[in-house]
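Be aware that the sequence shown starts at 94, since it is given in this note's numbering, and climbs by one per residue. Using N, Cα and C, we set each Cβ at its ideal position, and we do this for glycine too. This structure is a prediction, so every number in the text was calculated from the model and none was measured. What follows is a set of notes on a single structure, which appears directly below.
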Amino acid sequence: MKNSAKKVKVFWGLAIAGILLISGGCARVGYEFNSEQVRQIKIGETTQNDIVSMFGQPWRKGIENGVTMWTYGRYTYRLVGEADTKDLVVKFNSEGKVISYTFNATAQ
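Printed below as a string of C-alpha cells:
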C-alpha cells in the first residue's frame, strides 16, 4: 500500500473516532416509551388496543410458538459509561388479550 493511501486511512479512522467522541460516543436503537404504564397491564384483561393506547405502536412484532408477541424497546449504548436500556415484551392470546409480559431495564 502506498504511503499516501495509509495516511488517508489513518485520517478517516481518526475523523470517525473524533465524531463518535464528540457525539457522546453513543448509539440508540428503538424508541422511548412510557414505562410507568407497565403497572397498568392486566393479564387476561388488557387488549392489543389498550397496549397501543398506552405505548404506541410496537418497535417489533413477532410470533413465538404461535403466540403473537410485541416488543417495545429503547437501547442506548455508550462508548464510555454504562448502557441505558429498557424493553417490554407483551404476548397475546388469539383473542388479542395479554397472556404475559416482561419488562426489563438497566438499573439507574
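Coarse secondary structure for residue i, derived from DSSP in three states
| i | result |
| --- | --- |
| residue 184 | strand |
| residue 98 | helix |
Per DSSP, the bridge partner or partners of residue i
| i | result |
| --- | --- |
| residue 193 | 184 |
| residue 198 | 179 |
Buried versus exposed, by CB contacts within 10 Å (16 or more), residue i
| i | result |
| --- | --- |
| residue 104 | exposed |
| residue 179 | buried |
| residue 136 | exposed |
| residue 124 | exposed |
| residue 144 | buried |
*asked:* Please give me, in chain order, every unbroken run of the beta strand (DSSP E) with length at least 3 that falls completely inside the stretch 112–167.
replied: 119–123 and 153–157
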